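A quick write-up on the structure given underneath.
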Amino acid sequence: MIEMRVAGIALDAVSRHPIVLLRDASERRQLPIYIGQDQARAIISALENQTPPRPLTHDLMVNLMEEWDMVLERVVIHSLQDNTFYAILMIRQGEVRKEIDSRPSDAIAIALRTRSPIWVMEEVVADASGKRKYRNCGATVAVCVSQRKI
Numbered sequence: 004m005i006e007m008r009v010a011g012i013a014l015d016a017v018s019r020h021p022i023v024l025l026r027d028a029s030e031r032r033q034l035p036i037y038i039g040q041d042q043a044r045a046i047i048s049a050l051e052n053q054t055p056p057r058p059l060t061h062d063l064m065v066n067l068m069e070e071w072d073m074v075l076e077r078v079v080i081h082s083l084q085d086n087t088f089y090a091i092l093m094i095r096q097g098e099v100r101k102e103i104d105s106r107p108s109d110a111i112a113i114a115l116r117t118r119s120p121i122w123v124m125e126e127v128v129a130d131a132s133g134k135r136k137y138r139n140c141g142a143t144v145a146v147c148v149s150q151r152k153i
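The numbering used here puts the first residue of the sequence shown at 4, with every later residue one more than the last.
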């Protein structure tokens, strides 16, 4: 597995769709994932440490986890199947550990809010680097993206 961080949000030069860009520590490998406008806003607000006046969906999830003494140990983007990325939230409550299925964009938004690590399986990065387009459970992912920030 490769630990990655959110390098930023970019816009596809042609479609103008937002893309979350993940990079490894050496900045040699990256994984761009097309996401929706709402997910882009949620990720940007977490990157900028913005606190909404009322909890939004990802904030609500974090609040629930805190109230129930749950810890997000890490996010794992574990597979690329039929042009769709799959991720899990690895959550611990005391000695009990659970893996919760998640869209990568939601998992990333929650990981940023909890300062949890984001991991990507080696084969996902390898598969993604050899193909053109992918989906984030309904959103598309492209390998060649504009680096322009929203």
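Even glycine gets a Cβ: it sits at the ideal position worked out from N, Cα and C.
Please read all numbers here as calculations on a predicted model, not as lab measurements.
Classification of residue i by the beta-carbon crowding that lies within 10 angstroms, buried from 16 upward
i	result
Ala-131	buried
Leu-92	buried
Ala-145	For Ala-145, the pLDDT reaches just 38, beneath the cut-off of 50, and the residue's location in the model is therefore unreliable, leaving the point undetermined.
For residue i, the three-state DSSP class (helix, strand or coil)
i	result
Ser-108	helix
Leu-115	helix
Delimiting residues of the beta strand (DSSP E) encompassing residue i
i	result
Ile-36	33 to 37
Residue i versus residue j - alpha carbon distance
i	j	result
Gln-96	Ala-43	29 angstroms
Asp-85	Pro-107	15 angstroms
Ala-114	Leu-75	7 angstroms
Cys-140	Gly-39	Low confidence applies here, because Cys-140 scores a pLDDT of 44, under 50, leaving its location unreliable and the question unanswered by this model.
Thr-117	Ala-49	9 angstroms
Met-154	Ser-105	The shown model of the chain, from 4 to 153, leaves out residue 154, and the question about it has no answer.
Where the alpha helix (DSSP H) containing residue i begins and where it ends
i	result
Gln-96	No alpha helix (DSSP H) holds Gln-96; the beta strand (DSSP E) holding it covers 87 to 96.
beta-carbon residue i near the ligand PLP non-hydrogen atom, thresh 7 angstroms
i	result
Ser-132	The model on display carries no ligand, and the ligand PLP is accordingly not part of it.
Any 3 or more C-beta pairs closer than 8 angstroms across the stretch 11 to 18 and the stretch 69 to 82: With a cut-off of 8 angstroms, the stretch 69 to 82 and the stretch 11 to 18 do not count as touching, because too few Cβ pairs lie within range.
Segment contact flag, the stretch 19 to 39 with the stretch 53 to 67, C-beta cutoff 8 angstroms, min 3 pairs: Because the criterion of three Cβ pairs below 8 angstroms is not met, the stretch 19 to 39 and the stretch 53 to 67 do not touch.
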